[in-house]
Amino acid sequence: MKHTLHFTHANGIPSATYHTFLNCFEDEYNVKSIPLIGMNPRYPITKDWRYLVDEVIADIEQQFPHQQVIGLGHSFGGLVTMMAAYKKPALFTKLIIMDPPFVIGKNSAIFEVIKALNLKSVDRYTPAGVTLKRKDHWSSREEAVSTLRNNRLFRSFDEQCFLDYIDSGIVDDPKRGGVTLRIPKRVEAEIFRTVPAWWWRTPRKPPQVPIHLITAEQSPFYQQGLPQGLKKIYQIDYSVLPGGHMFPLEQPEMVAEFVKNKLKTLG
Numbered sequence: 016m017k018h019t020l021h022f023t024h025a026n027g028i029p030s031a032t033y034h035t036f037l038n039c040f041e042d043e044y045n046v047k048s049i050p051l052i053g054m055n056p057r058y059p060i061t062k063d064w065r066y067l068v069d070e071v072i073a074d075i076e077q078q079f080p081h082q083q084v085i086g087l088g089h090s091f092g093g094l095v096t097m098m099a100a101y102k103k104p105a106l107f108t109k110l111i112i113m114d115p116p117f118v119i120g121k122n123s124a125i126f127e128v129i130k131a132l133n134l135k136s137v138d139r140y141t142p143a144g145v146t147l148k149r150k151d152h153w154s155s156r157e158e159a160v161s162t163l164r165n166n167r168l169f170r171s172f173d174e175q176c177f178l179d180y181i182d183s184g185i186v187d188d189p190k191r192g193g194v195t196l197r198i199p200k201r202v203e204a205e206i207f208r209t210v211p212a213w214w215w216r217t218p219r220k221p222p223q224v225p226i227h228l229i230t231a232e233q234s235p236f237y238q239q240g241l242p243q244g245l246k247k248i249y250q251i252d253y254s255v256l257p258g259g260h261m262f263p264l265e266q267p268e269m270v271a272e273f274v275k276n277k278l279k280t281l282g
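Residues 16 to 282 in our numbering are what the sequence shown lists, from first letter to last.
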């Protein structure tokens, strides 16, 4: 019988973009993912992500009723999956979180104050400001492809992963004509703005589930010392792979193989 694995995607990147990566697990795992998190009005985006956490839990319970799952998530998806494991540990058997945007140390207290006061400077502390300036409309799918392929975010994507992003992340724009983003940039920016920053007030311990963090050499989170801090404060061990923050979509087969090997020894 195959193990059950539930995946949650990065902010602004639909799960279908990860098809090549997730397909590598199909021989050993029953894999399902939440297609688009953050778009359901039943689970609004708030300053502590509590409803997004509930959305992950609800999706797992709907897709894997009465079963425990391996939780796997990338970036935003990794952090919200870990938060789900803190809230409902009995739902999970293991966790692999890939480069989560964990706000740690004194910066978390500062960021929490900025969010509480609704200061506009929050956009300088997160990618929200850059996200809102991104182009989100193109006259055609061909223009979107040529423009986005040279964008810093997508430049290192595996070719099939990039095409899967175009297929899943770009849709017709009925109001303006042409095409636009499936996940509106205002939604993506709001998730960035509200990344939980209260970790300095939480118990300094990992979830009650075997957990491992994977980061990348060129990830800004690794270079800023976030995984290192998580290991020191929360006893969450980590591994470092080649690539940038989007490494599961840069080298999907290699990363999937690493994850599968780690799952065999984790816990």
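Built from N, CA and C at the ideal position, the CB exists for glycine as well.
These numbers come from a predicted model, not from an experiment.
Classified as buried, glutamine 266 has 16 or more neighbouring CB atoms from the shown chains inside 10 Å of its CB. By the C-beta criterion, the stretch 205-217 is judged to be in contact with the stretch 50-62, since at least 3 inter-stretch pairs fall below 8 Å. Between the beta-carbon of isoleucine 229 and that of methionine 113 there is about 5 Å, and that keeps the pair under the 8 Å contact cut.
The stretch 78-87 makes contact with the stretch 101-113: 3 or more CB pairs, one atom from each, lie closer than 8 Å. Taking C-beta atoms under 8 Å as the contact rule, isoleucine 72 and lysine 121 fail to qualify, at a distance of about 31 Å.
Short of 6 Å from the beta carbon of valine 46, and not among the five residues preceding or following it, lie these beta carbons of its own chain, in chain order: Leu20, Leu37 and Phe40. Looking at the DSSP output, histidine 18 shares a beta bridge with Tyr44. By DSSP's assignment, aspartate 188 forms no beta bridge with any residue. Two segments are said to touch when three or more pairs of C-beta atoms, one from each, lie closer than 8 Å; by this definition the stretch 175-194 touches the stretch 151-167. Scanning the stretch 72-157 for uninterrupted alpha helix (DSSP H) segments of 4 residues or longer gives 91-102, 121-131, 137-140 and 143-148, listed from N- to C-terminal end. If one requires a minimum length of 3 residues, the beta strand (DSSP E) runs lying completely within the stretch 225-282 are 226-231 and 253-256, in chain order. Taken in chain order, the complete alpha helix (DSSP H) segments of 4 or more residues contained in the stretch 163-226 are 174-184 and 200-208.
For the pair of segments examined, the stretch 26-37 was found to touch the stretch 257-264: the number of CB pairs separated by less than 8 Å reaches three.
Cβ neighbours of alanine 99 within its own chain (closer than 6 Å, five residues either side excluded): Val68, Val71 and Ile72. The Cβ atoms of arginine 156 and valine 194 lie closer than 7 Å to each other. Beta-bridge partners of threonine 32 (DSSP): none assigned. By the CB criterion at 7 Å, alanine 31 and phenylalanine 126 fall outside the cutoff. Of all alpha-carbon atoms in Gly244, Ile49 and Ile251, the one lying nearest the alpha-carbon of valine 118 is that of Gly244. Distance check between tyrosine 101 and each of Pro222, Phe236, Lys148 and Arg139 places Pro222 closest, using alpha-carbon atoms only.
Between glycine 144 and tryptophan 214, the alpha-carbon positions lie close to 23 Å from each other. Rounded to the nearest whole angstrom, the CA to CA distance from proline 235 to valine 224 is 26 Å.
Judged by beta-carbon spacing, asparagine 26 lies within the 7 Å limit of phenylalanine 91, meaning their Cβ atoms are closer than that value. Note on geometry: alpha-carbon atoms of glycine 184 and proline 242 lie some 29 Å from one another. In chain order, Ser154 place their CB closer than 8 Å to the CB of glycine 192, counting only its own chain and leaving out the 5 sequence neighbours on each side.
A residue is called buried when at least 16 other Cβ atoms come within 10 angstroms of its Cβ; glycine 282 does not meet this threshold and is exposed.
Classified as buried, arginine 197 has 16 or more neighbouring CB atoms from the shown chains inside 10 Å of its CB. Only exposed fits valine 128, as fewer than 16 other CB atoms lie within 10 angstroms of its CB.
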